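See below for the structure under consideration.
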Amino acid sequence: MSTPAIEVTDFTMRFGARTAVDHLSFDVRPGETFGLLGANGSGKTTTIRALLGIYTPTAGTLHVEGRPFDPAHNSSLGYLPEERGLYKKEKVIDVMTYFGQLKGMPRAEAALWSTYYLERVGLASHATTRLDKLSGGQQQKVQLGVTIMDNPTILVLDEPTKGFDPVNRRLLLDIVEDQRRGGATVVIITHQMDEVERLCDRVLLLKDGRAEAYGTVPEVQDAYGGRTVRLHHGGPLPTSTRWRPITTERSYAELELDAGVEPRDVLRELVDAGVDVRSFDASRLSMEQVFLKVYGHAAQEEVSA
Amino acid sequence: MNAHNIGTVIAFEVRRTLAKPSFWIATLSVPLLMALLFGLSFFSGASAAQSSLESDAEPVTFTYTDASGIVDPSVAAGLGGTAAADPEAAAAAVREGRSALHIDIPADPVAEGVHVVGEDLGLMESGRWTSVARALLTQSAVARIDEPRLTSVLDGFTVTSELWAGGAPAPGWGAAIAPALFLVLLFMAVVMLGQQMLNITVEEKENRVTEMILTTVHPSTLIIGKVIGVVLVGIVQGLVLLVPLLAMALVPGLTSLVGAPAAEMADAAAAGQAAVDLPRVLMGAALFLASFVLFAGILVAIGAVMPSAKDAGSAFGSVIIAMFLPLYALPLVLQTPESVFSRVLTYFPLTAPVTTLTRNAVGSIELWQAGLVLAVIVLCAVLALSLGVRLFREGSIAYDQRLSWKDIVRATRSKATNPAA
Ligand SMILES: Nc1ncnc2c1ncn2[C@@H]1O[C@H](COP(=O)(O)OP(=O)(O)O)[C@@H](O)[C@H]1O
Ligand SMILES: [Mg+2]
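Chains as they are written, first to last, in this note's numbering: chain A, 17 to 321; chain B, 82 to 502.
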């Protein structure tokens, strides 16, 4: 197999007495979309920062394309940090062009690309606006543009959809999808489990700095439960000895099936019980359920905090 | 790639600074203020000259009583004085406003002192009464001795000197001017560019742009590029400051004001006194350059450690004070250049620039010693700059926190363990 795009071996990071990441190993293959998941504070950002040379690791090796990251050699890496920020007092187009040049693009080409990108994300009229006059979401779009402007072979996105409305989230994911289709390796940190199911080939779940689960999405789903059924329905659900409801909302439910139970048995039982089944989807445990199972109450507290 | 990026960084920094109206307002306000001040002093100088002419024309009238018998009545009359019979009555006349001045000369003026009672002319002008009293006595004494060549010595005379060192005329004060200019230049550079040097790292942190930038360009490329950018901007500012000086040299009325010191220098040069001492000038230039890099490195490091411009500002103040504190101790240093105190100031990296630049200018340090100091400053400058770069790498992610001493120590050691550095 070819060299992994990213290879982390036995990485440990301590801040004083606190161990943020503990003996972590994983790799990301060229061309895949890799999800780095975990509750807040589980060490995702720390891992990325150590990978990109911003933190010096306490122990272990972290390689990008076979060697420690160095901006002079791995010029084709786009990183969208969790802490967003650009030169606030400068004009949008100037900042974008500057970063394009630093990434090795000729000035004119960088300016042209920026103009095109701003048009695509609906900021064409703001090209000569100072960055600090833009809204937070608009600034994030500019920053995503800076991240992808030289069509990097590796894209590292730390919570890219944080703070976006659904329309812009869609727009942003489309842009990332374009990059992926163009052959980029994408590492994405996100708390949106539907995004994970849609985008990611493989995932790594971090819990308190350790790898909790690692593999393809179906593998991880299987590891955390049997088969499930998701359905939209009218009327009350009957209770049964053959499944357990794990989510019940007003007209939506997720049922976890006992071993050996087939989804069609469940459907028959529901119809027999007079439930008005509007949609019926036999599938694995959703990533959301996996997440809740892994992080339990701690995660829920973080969300409400 | 790196060389290309340094050019990109410099161009970006210079362009964005020069594109800001606030930069031009700040830069142009200095020459405007200077022009305003020169203009004011020019016109008030002219009117002051006028008023002193007028006061010369206006005769002083006063009364005096002379118990010593020194005063020559004809001299007194020439100055506008009339003898009074009763000192008390004459003084009372002044106190009641009927007379401007009374001078009371006792039997022995030197031992007892002369007493004047005069009308108040304000703090600046009232000294005139004392001068009248002095003139009355000294001119009377001269008149009585009646030998002008003898008495004129009392009025003072000029002494010219020529100094010889090793069989050649010594350059004297004139030679100190060129190397001392570097001290002035250092001071101007620190005052004008200090804040911007500090901002080099603080700005990256305040804008939270460090993570983006550190994964795009090597930190030393970024910081050296930004330092050069600041220097280029400083040169532009310097040129803008020169414009009004040049303008003044061209406007005939103003030439006399500015031109006087320059003319003196030219005279001194013509007299062979302002010989340029080339080794000292070159040493001054080298000391200046190294000191400036040291200063830049220290500010970059401070900026990397401090979370905000405000926090960094106070640390910046202490550095400036430490750098220019030696100015106060200069007389002591120049009188006893070999004392422990002078040596400490000469070699301690923070005080070395100002102390050694001055000693170099006035020739109170051997060239080889100055060379040694230069080596110390260069070494510290390189250390400060590379420490600044490393602190920036380590410290800039702790956006809101000040780096702890432990972090700083870790940063200084990380070179050994980090293969990328
Ligand atoms: N610079 C730092 N100094 C001290 N502790 C840190 C630092 N960066 C991260 N941590 C700690 O490491 C842990 C992991 O943080 P992080 O990687 O940011 O989590 P997340 O998974 O939410 O991105 C947290 O407990 C955080 O407090
Ligand atoms: Mg994070």
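Beta carbons: idealized from backbone N, C-alpha and C, even for Gly.
Computed from a predicted structure; not experimentally measured.
Query	Result
Burial state of Tyr71 (chain A), where buried means 16 or more other Cβ atoms lie within 10 Å	buried
Lys223 (chain A) beta carbon less than 9 Å from that of Val310 (chain A)	yes
Spatial distance of Gly398 (chain B) from Pro325 (chain B) (CA atoms)	30 Å
Phe93 (chain B) versus Thr201 (chain A) - alpha carbon distance	31 Å
heavy atom of ligand 2 below 8 Å from Lys60 (chain A) C-beta	yes
Listed by chain order, chain A residues near Thr67 (chain B) by CB distance under 9 Å	This structure cannot speak to residue 67 (chain B), because chain B is shown only from 82 to 502.
Heavy atom of ligand 2 within 8 Å of Ile70 (chain A) beta-carbon	no
Heavy atom of ligand 1 within 8 Å of Asp26 (chain A) beta-carbon	no
Bridge-paired residues (DSSP) for Gly250 (chain A)	A:Asp292
Residues that DSSP places opposite Phe42 (chain A) in a beta bridge	A:Val24
heavy atom of ligand 1 below 8 Å from Leu222 (chain A) C-beta	yes
Beta carbon of Thr244 (chain A) nearer than 9 Å to that of Glu272 (chain A)	yes
Where Ile446 (chain B) sits in the DSSP three-state scheme	coil
DSSP-derived helix/strand/coil call for Glu200 (chain B)	coil
Alpha carbon of Thr439 (chain B) to alpha carbon of Leu264 (chain B), nearest angstrom	7 Å
Local Cβ density within 10 Å of Ser65 (chain A), reported as buried at 16 or more and exposed below that	Per the sequence presented here, residue 65 (chain A) reads as Arg, with Ser not at that position. Flag for Arg65 (chain A) reads buried.
Below-9 Å beta-carbon distance, Lys149 (chain A) vs any chain B residue	no
Sub-9 Å separation of Ile87 (chain B) and Ile309 (chain B) beta-carbons	yes
Between the CA atoms of Leu406 (chain B) and Leu426 (chain B) - distance to the nearest angstrom	10 Å
Arg266 (chain A) (DSSP reduced to helix, strand or coil)	coil
Cβ neighbour criterion (16 or more within 10 Å) applied to Gly250 (chain A)	exposed
Under 8 Å from the C-beta of Ile162 (chain A): neighbouring residues of chain B	What sits at residue 162 (chain A) in the sequence shown is Val, not Ile. The answer, in chain order, is Met293.
Residue of A:Leu118, A:Arg300, A:Gly101 minimising C-alpha distance to Ser246 (chain A)	Here the sequence assigns Arg to residue 246 (chain A), which means Ser is not the residue at that position. Taking only the C-alpha atoms, the option nearest Arg246 (chain A) is A:Arg300.
Reduced DSSP secondary structure (H/G/I, E/B, other) of Tyr409 (chain B)	helix
Closest residue to Ala366 (chain B) among B:Gln318, B:Val400, B:Gly306, B:Ala451 (Cα-Cα distance)	B:Ala451
Distance cut-off 8 Å: Phe31 (chain A) Cβ against heavy atoms of ligand 1	yes
Extent of the continuous alpha helix (DSSP H) run through Leu295 (chain B)	291-295
Proximity below 9 Å, CB of Thr77 (chain A) to CB of Gly225 (chain A)	no
Cross-chain neighbours of Asp110 (chain A) in chain B, by beta carbon under 9 Å	Phe93, Arg96, Arg97, Ala100
7 Å Cβ shell around Ala116 (chain B) - same chain, five flanking residues per side excluded	Pro325
Proximity test, Ile205 (chain A) beta-carbon vs ligand 2 heavy atom, cut-off 8 Å	yes
Enclosing alpha helix (DSSP H) for Val158 (chain A) [first to last residue]	152-164
Short-range partners of chain A found in the region 276-293 of chain B, where Cβ spacing is below 7 Å	Asn288, Arg289, Val290, Glu292, Met293
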